[in-house]
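Residues in the sequence shown are numbered from 7 upward in steps of one, following the numbering used here. The structure appears below as structure tokens.
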Amino acid sequence: MEIYLTYKSELQLSRLLKYLFVSIGLLTVLLFAGFGNFTAILLFPLLMYHFGLGVSGAAISTVISQYIVTFAMILFLNKRVVLLPPKFGELQFGGYLKSGGFLIGRTLAVLLTMTLATSMAARQGPVAMAAHQICFQVWLAVSMLTDALAASSQALIASYLSRNDYGTVRELTQFVLKIGIFTGVSLAVVLGVSFNSLSTFFTKDTEVLKIIATGVLFVSASQPINALAFIFDGLHYGASDFPYAARSMMLVGALSSAFLLYAPAKFGLPGVWSGLTLFMALRMMAGFIRIMSKDSPWWFLHGDFNRAKLAG
Numbered sequence: 007m008e009i010y011l012t013y014k015s016e017l018q019l020s021r022l023l024k025y026l027f028v029s030i031g032l033l034t035v036l037l038f039a040g041f042g043n044f045t046a047i048l049l050f051p052l053l054m055y056h057f058g059l060g061v062s063g064a065a066i067s068t069v070i071s072q073y074i075v076t077f078a079m080i081l082f083l084n085k086r087v088v089l090l091p092p093k094f095g096e097l098q099f100g101g102y103l104k105s106g107g108f109l110i111g112r113t114l115a116v117l118l119t120m121t122l123a124t125s126m127a128a129r130q131g132p133v134a135m136a137a138h139q140i141c142f143q144v145w146l147a148v149s150m151l152t153d154a155l156a157a158s159s160q161a162l163i164a165s166y167l168s169r170n171d172y173g174t175v176r177e178l179t180q181f182v183l184k185i186g187i188f189t190g191v192s193l194a195v196v197l198g199v200s201f202n203s204l205s206t207f208f209t210k211d212t213e214v215l216k217i218i219a220t221g222v223l224f225v226s227a228s229q230p231i232n233a234l235a236f237i238f239d240g241l242h243y244g245a246s247d248f249p250y251a252a253r254s255m256m257l258v259g260a261l262s263s264a265f266l267l268y269a270p271a272k273f274g275l276p277g278v279w280s281g282l283t284l285f286m287a288l289r290m291m292a293g294f295i296r297i298m299s300k301d302s303p304w305w306f307l308h309g310d311f312n313r314a315k316l317a318g
């Protein structure tokens with residue numbers, strides 16, 4: 007558990023650095039991420055089998071690879087930008103803590119909900135837990151592909167908003183949402199067709215495979231929802247709408263957690279998967295409600311924003 011928590015904290019830092027790198031170049035992000043994954047792949051057999059560490063070796067390999075990527079990205083950034091100003095007072099910790107505090111609250115809401123889902127799945131027994139973990143990892147890994155769209159949209163929207171170029175931001179927002187829907191539907195189709203075959207790469211246990219077969223709908227059908235949920239997160243960050251992103255996530259997490267506390271006891275593993283789907287659906291709805299609001303940072307998406315600017 008200690009290794010797992012270390013990995014989660016380090017993963018958050020490396021993911022934050024990847025978001026920062028988007029403004030420097032997506033190719034750079036891809037190279038560093040690929041280097042980290044390649045390092046982990048090399049370490050997996052070495053620590054798991056050669057040193058006989060088993061599952062702990064897999065966790066240690068992942069932690070080491072994330073630390074390597076993190077330090078490499080920090081060194082690269084240090085050559086391009088000033089990470090630490092000459093005077094400590096110029097760090098402007100006030101603004102950082104304000105936005106960072108909201109994001110910490112949001113991250114805790116996500117982690118607590120996901121942890122609760124895992125806990126409820128574990129109560130269904132070892133076979134059900136094994137099936138859940140395979141479905142969950144595929145579900146999350148494929149969903150994170152759209153996280154790249156969120157990262158790029160975040161950087162572009164922040165850039166154009168800083169220039170008050172609302173027309174470009176509106177076009178970009180519409181384009182990214184369309185791409186998100188297309189990507190989500192495409193992933194849903196691909197997983198729906200191939201997931202049963204793909205699951206045999208994870209296990210040969212017939213009992214586990216039977217349960218996995220019932221989770222195909224969860225893994226595939228939720229992909230459009232997941233894609234839009236991640237993209238809305240990127241839009242929130244690009245518009246510096248951190249308070250809403252955090253508060254809405256806390257509410258979404260609370261509602262989803264309440265569902266997860268009771269549904270698995272009656273419906274078993276499908277109740278856990280339904281809770282996770284509800285979690286992502288509520289995230290998507292929260293994002294949609296925000297951009298449809300005329301009193302939000304997205305006011306310029308509604309009506310003639312040029313006329314609104316002149317009237318103001």
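We treat Cβ as the ideally placed atom computed from N, Cα and C, and that holds for glycine.
Residue i versus residue j - alpha carbon distance
{"i": "residue 122", "j": "residue 173", "result": "42 Å"}
{"i": "residue 215", "j": "residue 68", "result": "26 Å"}
{"i": "residue 204", "j": "residue 137", "result": "13 Å"}
{"i": "residue 223", "j": "residue 198", "result": "7 Å"}
{"i": "residue 183", "j": "residue 237", "result": "7 Å"}
{"i": "residue 158", "j": "residue 164", "result": "10 Å"}
{"i": "residue 283", "j": "residue 72", "result": "28 Å"}
{"i": "residue 288", "j": "residue 295", "result": "10 Å"}
{"i": "residue 143", "j": "residue 84", "result": "34 Å"}
Endpoints, alpha helix (DSSP H) assigned at residue i
{"i": "residue 85", "result": "61-86"}
{"i": "residue 169", "result": "No alpha helix (DSSP H) holds residue 169; DSSP gives it neither H nor E."}
{"i": "residue 145", "result": "132-149"}
{"i": "residue 239", "result": "229-244"}
{"i": "residue 129", "result": "Per DSSP, residue 129 belongs to no alpha helix (DSSP H) and is neither H nor E."}
{"i": "residue 290", "result": "275-297"}
Buried versus exposed call for residue i [16 or more other C-beta atoms within 10 Å across all chains shown]
{"i": "residue 267", "result": "exposed"}
{"i": "residue 243", "result": "buried"}
{"i": "residue 239", "result": "buried"}
{"i": "residue 270", "result": "buried"}
{"i": "residue 190", "result": "buried"}
{"i": "residue 234", "result": "buried"}
{"i": "residue 27", "result": "Confidence at residue 27 is low in this model, with a pLDDT of 49, below 50, so its placement is unreliable and the value that follows should be read with caution. Per the 10 Å Cβ criterion, buried."}
{"i": "residue 206", "result": "exposed"}
{"i": "residue 40", "result": "exposed"}
When the options are compared against residue i, the one with the closest alpha-carbon
{"i": "residue 195", "options": "225, 286, 153, 65", "result": "225"}
{"i": "residue 286", "options": "306, 260, 300, 125", "result": "260"}
{"i": "residue 306", "options": "288, 45, 177", "result": "177"}
{"i": "residue 254", "options": "218, 227, 291, 272", "result": "291"}
{"i": "residue 130", "options": "212, 139, 275, 299", "result": "275"}
{"i": "residue 406", "options": "273, 251, 279, 152", "result": "Outside the displayed span of the chain (7 to 318) sits residue 406, for which this structure offers no information."}
{"i": "residue 153", "options": "80, 58, 232, 38", "result": "232"}
{"i": "residue 241", "options": "227, 179, 301", "result": "179"}
Cβ-heavy atom distance, residue i to the ligand FMN, below 6 Å
{"i": "residue 290", "result": "Summarising the ligand content, the structure contains no ligands, and the ligand FMN is consequently not present."}
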